[in-house]
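Numbering (our numbering), first residue to last: 6 to 279. Here the structure comes first, spelled out in structure tokens, and everything after it is commentary.
Shown next as structure tokens:
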């Protein structure tokens with residue numbers, strides 16, 4: 006590998022004038038990331054090669070504020086996209102190793118660097134790269150957690166869709182399986198909405214329920230009792246045979262005050278038309 010070098014070069018100028026050599030050496034270090042560079046650029050609009058040069062400049066120039074701002078920007082960008090985090094760690098460590106190889110080559114060509122200068126540079130360079138990684142991971146984790154919480158909130162709202170049909174009547178269509186996690190969401194959302202909307206009749210349609218755990222059945226009965234305590238009558242519609250069999254074998258019985266109908270259409274006809 007041939008290098009462009011002049012005695013007047015600073016380390017930053019040396020790397021800038023040998024930019025292609027630096028990129029080639031970096032790609033040799035980052036074996037796993039090398040094949041993913043184009044994909045990461047396409048998926049997340051993250052230009053790893055240009056960002057590597059940017060990081061090196063901030064590290065060499067000691068631009069602490071720009072370095073932290075860049076690390077924050079990178080952390081959020083990676084958290085937003087579904088990109089494996091290990092690629093980022095490998096990439097930054099490859100940048101660190103490549104930078105040190107170029108610093109070593111620069112020192113060999115200069116013949117003027119003292120051991121004190123070397124160790125001072127070693128401390129500065131490694132501290133700044135470690136600082137970049139620290140800020141990156143803090144912002145990655147913070148933003149990722151906020152995304153997960155937002156997605157979970159959305160799932161919770163979609164899993165318990167309470168639909169008003171009159172000022173005092175609502176429908177709660179449940180679809181899929183009902184487990185203990187979902188019944189916890191159900192309890193919180195139903196009781197809160199009964200109080201907020203002043204619901205007097207809640208039609209709970211279970212025709213879309215494919216499976217229900219025994220614990221969930223028991224919890225559902227307690228939720229219905231809670232509705233009654235708040236002055237809301239619950240109507241159960243659409244119980245499927247397999248769910249009914251599970252309820253029978255669980256030994257749990259419906260409160261006598263709970264009304265059950267075969268279909269949601271029957272309930273709507275009775276409560277809206279009748």
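Glycine included, C-beta positions come from ideal geometry on N, C-alpha and C. This structure is a prediction, so every number in the text was calculated from the model and none was measured.
Terminal residues of the beta strand (DSSP E) in which residue i lies
i: residue 213; result: 206–217
i: residue 171; result: 168–171
i: residue 266; result: 264–266
Sub-8 Å separation of residue i and residue j beta-carbons
i: residue 211; j: residue 248; result: yes
i: residue 41; j: residue 92; result: yes
i: residue 229; j: residue 239; result: yes
i: residue 257; j: residue 223; result: yes
i: residue 235; j: residue 181; result: no
i: residue 266; j: residue 242; result: yes
i: residue 183; j: residue 209; result: no
i: residue 129; j: residue 67; result: yes
i: residue 54; j: residue 134; result: no
i: residue 173; j: residue 204; result: yes
i: residue 27; j: residue 107; result: yes
i: residue 140; j: residue 73; result: yes
i: residue 198; j: residue 167; result: yes
i: residue 132; j: residue 123; result: no
i: residue 30; j: residue 103; result: yes
i: residue 88; j: residue 45; result: yes
i: residue 202; j: residue 169; result: yes
i: residue 138; j: residue 188; result: no
i: residue 8; j: residue 110; result: yes
i: residue 84; j: residue 149; result: yes
Residue span of the alpha helix (DSSP H) that contains residue i, given as start and end
i: residue 80; result: 69–85
i: residue 238; result: It is not in any alpha helix (DSSP H) - residue 238 instead sits in the beta strand (DSSP E) that spans 238–242.
i: residue 103; result: 90–115
i: residue 19; result: 16–22
i: residue 44; result: 42–49
i: residue 247; result: 246–255
i: residue 278; result: Note, residue 278: premise wrong, no alpha helix (DSSP H); not H, not E.
i: residue 52; result: Premise fails: residue 52 is in no alpha helix (DSSP H) and is neither H nor E.
i: residue 274; result: It is not in any alpha helix (DSSP H) - residue 274 carries neither H nor E in the DSSP assignment.
i: residue 37; result: 36–39
Beta bridge counterpart(s) of residue i as assigned by DSSP
i: residue 174; result: 171 and 206
i: residue 183; result: 217
Legend entry - Stretch pair the region 118–126 + the region 18–34: three plus CB contacts closer than 8 Å: no
Inset, instruction - Check whether the region 85–103 touches the region 35–45, taking contact to mean three or more Cβ pairs, one atom from each stretch, closer than 8 Å. - result: yes
Inset, instruction - Say whether the region 41–60 touches the region 74–88, bearing in mind that this needs 3 or more beta-carbon pairs closer than 8 Å, one atom from each stretch. - result: yes
Legend entry - the region 177–194 touching the region 143–156, judged by at least three CB pairs closer than 8 Å: no
Legend entry - Contiguous alpha helix (DSSP H) assignments of at least 4 residues, all confined to the region 127–155: none
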